[in-house]
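Letter 70 of the sequence shown, counting from 1, is numbered 87 in the working numbering, and no numbers are missing.
Just so you know, even glycine gets a beta-carbon here, dropped at the ideal spot from N, CA and C.
Data block below; observations after.
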Amino acid sequence: MKWLRNFFRLANQAAKNNLPTMLLIMLVFVFILLYLWPKIFITIKAGEGGVLYKRFGGGTVLEHVYDEGFHIIMPWDLMTIYNLRVTTVERDVDVLTEEGLKISVRLAIRHHPEREVLGVLHKYVGEDYLTKIVVPEIDAT
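If you want it as C-alpha cells, here you go:
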C-alpha cells in the first residue's frame, strides 16, 4: 500500500510541474478536434445516401451505401452525400416538326439515383450525373 501512496504522490508532483505543458497539449488537441469535426462526424439526412471514398483503403466503396443517420469516418476519407428523392428539372428544348418548323418545348425531367448502384454511379460518373447522363439522354431522343 505504501508503494501506491508513493506512486500517487509522484504523479501529483509531476502533474503540478508539467501543468502548463499538459494544458497546452490538451488545448491543441481540442482545436484539432474542432477543426476536423466536419470531416470526421457525418450526418446523412432523410432521403439521402452516402458514398465513402477511402483514400488509403482501396478507393470508392461500391458495395455499401451509407444510410441516414450519424456516421464517424477517418478525417482523410471523403463522404459524398446524394439526394435519393425524386427531383424535377425543367428544361427548354427547341425541336423541328415534320414540316421543318421550329418549336420550343418545355420538358420536366423527373429523376433520382438508384440506391443499389449509387457507389458505381459515384465512381464512374460523379456528382454531376444529371448533366453528364440524364440531360444528354433526354436531348438525344
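Practice task
Taking 8 Å as the cut-off, decide whether the C-beta atoms of Val137 and Leu79 are in contact.
Solution key: yes
- Query: Under 8 Å, do Gly64 and Asn100 count as touching if we go by C-beta distance?
  - Reply: yes
By the DSSP assignment, the beta strand (DSSP E) with Ile98 in it spans what residues? Leu95 to Asn100
Please name the residue, chosen from Asp109, Arg102 and Val68, that lies closest to Asp94 on a Cα-to-Cα basis.
Val68
Under 8 Å between C-beta atoms of His128 and Val151 = yes
query: Which same chain residues, not among the five before or five after Tyr52, have their C-beta less than 7 Å away from its C-beta?
result: none
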